[in-house]
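Student:
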């Protein structure tokens with residue numbers, strides 16, 4: 015929490031940043047729980063994005079920790095300077111916190127948080143009982159995202175030459191939750207999301223923990239094919255696939271989330287505690 019407060023004080027910008035409580039990590043400790051859920055929010059979002067999900071899981075008897083990913087909950091400028099390794103470090107710290115009070119841990123996430131959940135399960139397979147991925151961004155629908163690596167290289171060249179007026183560092187984000195999400199998306203951050211998903215794709219045949227893969231069908235941001243491709247690439251057979259029809263990317267908040275939560279509950283019943 016102190017790390018977040020320091021980052022917020024250092025990077026918050028008037029007109030760009032949300033209130034500080036939006037970015038604060040969510041920790042719901044259930045005194046009787048042996049199993050904890052490490053719950054990871056998405057790109058340009060904050061722990062508040064998954065609070066409804068966290069409260070649902072807490073109501074089922076789990077301890078839940080939703081870490082704040084580096085560069086999130088502060089400002090788009092802060093996020094522009096972060097890497098997917100920084101985000102993994104944020105999740106690692108959340109895992110360490112949960113280990114102090116839970117003997118078993120399930121890792122779950124939404125959007126880029128789902129990619130990070132899969133990465134955690136790949137790189138630390140012995141650490142997690144299961145993994146839940148909701149709308150992981152294996153492939154974006156927007157054609158403009160396909161060219162972000164080239165644009166990022168151009169921006170770096172222009173900065174090196176002192177020609178900063180030729181750069182395009184941010185694009186508009188049409189946010190589902192404007193009170194939580196940044197309204198500007200850093201090009202460098204999008205490059206990091208794609209780099210993360212490339213790592214995940216490469217490693218998925220070796221995924222060990224049981225997996226629930228959920229895809230929003232009709233998602234305007236992430237291709238409907240993403241979930242099926244991720245599911246098919248997982249090497250083991252202890253996996254479940256689910257599609258939830260919805261016209262927005264965000265399916266972890268509001269009335270639509272109840273359908274997702276019911277499926278998550280059914281999946282978690284295999285791992286009591």
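Numbering (the working numbering), first residue to last: 15 to 287. We put the beta carbon where it would ideally sit given N, CA and C, even for glycine.
1. Quick check on DSSP: helix, strand or coil for residue 108?
2. Taking residue 37 and residue 86 to be in contact with their CB atoms under 8 Å, please state how far apart those CB atoms are, rounded to whole angstroms.
3. For residue 266, which of helix, strand or coil comes out of DSSP?
4. May I have a chain-ordered list of the beta strand (DSSP E) segments no shorter than 3 residues that lie completely inside the stretch 75 to 155?
5. Whose C-beta lies closer than 8 Å to the C-beta of residue 187 among residues of the same chain, with five residues either side of it excluded?
6. For the 8 Å Cβ check, are there 3 or more pairs between the stretch 148 to 158 and the stretch 259 to 272?
7. Using a Cβ-Cβ cut-off of 7 Å (strictly less than) and excluding sequence neighbours within five positions of residue 121, which residues of its own chain qualify?
8. Counting along the chain, where does the beta strand (DSSP E) carrying residue 199 start and finish?
9. On a Cα-Cα basis, can you pick out the residue from 112, 231 and 105 that is closest to residue 76?
10. Are the stretch 88 to 95 and the stretch 202 to 221 touching, with three or more C-beta to C-beta distances below 8 Å?
11. Taking 8 Å as the limit between beta carbons, can you name the residues of its chain near residue 207, skipping five residues before and five after?
12. Please work out which residues of its chain come closer than 8 Å, Cβ to Cβ, to residue 155, disregarding the five sequence neighbours upstream and downstream, and give them in chain order.
13. For the beta strand (DSSP E) containing residue 231, list its first residue and its last residue.
Tutor: With the given structure in hand:
1. Looking at residue 108 - three-state DSSP - the assignment turns out to be helix.
2. With 8 Å as the limit, residue 37 and residue 86 qualify as a contact, their Cβ atoms being about 6 Å apart.
3. In this structure, residue 266 counts as coil in the three-state DSSP scheme.
4. For the stretch 75 to 155, the continuous beta strand (DSSP E) assignments of 3+ residues that do not extend past its boundaries occur at 77 to 80, 118 to 124 and 144 to 148, in sequence order.
5. If we look at residue 187 and ignore the five residues flanking it on each side, its Cβ neighbours are 58, 195, 196, 197, 198 and 199.
6. With a cut-off of 8 Å, the stretch 259 to 272 and the stretch 148 to 158 count as touching, because enough Cβ pairs lie within range.
7. So the qualifying residues of the chain are 52, 131, 134, 135, 142 and 145.
8. If you look at residue 199, you'll find it in the beta strand (DSSP E) that goes 198 to 200.
9. Taking the Cα of residue 76 as reference, the smallest distance to any Cα among 112, 231 and 105 is reached at 112.
10. Three or more beta-carbon pairs drawn from the stretch 88 to 95 and the stretch 202 to 221 are found closer than 8 Å, and the two stretches are therefore classed as touching.
11. Listed in chain order, the non-local C-beta contacts of residue 207 below 8 Å within the same chain comprise 57, 98, 126, 129 and 151, local neighbours out to five positions each way being set aside.
12. Around residue 155, the same chain offers 233, 234, 235, 236 and 237 as residues with beta carbons nearer than 8 Å, after the five sequence neighbours per side are excluded.
13. Residue 231 -> beta strand (DSSP E) spans 225 to 231.
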